[in-house]
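In the UniProt record's numbering, the protein residues as written are 1 to 101.
Beta carbons are placed, not taken as given, at the ideal position from N, Cα and C, and that holds for glycine.
Step one of this worksheet: look at the structure below.
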């Protein structure tokens, strides 16, 4: 297993970790931007991107196990919801990724 460093190129695009995201109530939030008079260092941005990459990998692996248990080879929303419901670490996703549409 390779040890990751901040110098490694993240798998996520650079812009993805600086993009505007929406909160549950629909209000826009974003990382500080130079035009705000606030800035995020390149190292902090790289660390944030790596954390996102690790989180996505972990959630995907847990969801993949759920898909395999259902004898499927395609991840579905239900697999992600089930993975979130089976892990205390992912409890915060239960309301974000509802089990039923």
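Only residues of its own chain outside the window of five on either side were considered, and among them 67 have a CB closer than 8 Å to the CB of residue 74, listed in chain order. Around the Cβ of residue 51, a 10 Å sphere holds fewer than 16 other Cβ atoms; the residue is exposed. Separation of residue 39 and residue 84 (C-alpha to C-alpha, rounded to the nearest whole angstrom) is 33 Å. In the DSSP assignment, residue 50 falls within the alpha helix (DSSP H) that extends over 42-69.
Per DSSP, residue 73 lies in no alpha helix (DSSP H) and is assigned neither H nor E. Under the 10 Å beta carbon count, residue 77 is surrounded by fewer than 16 other beta carbons and is classified as exposed. Taking 8 Å as the upper bound for CB-CB distance, residue 81 and residue 99 are in contact here, some 4 Å apart. The criterion of a C-beta distance shorter than 8 Å is not satisfied by residue 47 and residue 90. Here residue 64 has 75 and 79 as same chain residues with Cβ atoms under 8 Å from its own Cβ, once five neighbours each way along the sequence are excluded.
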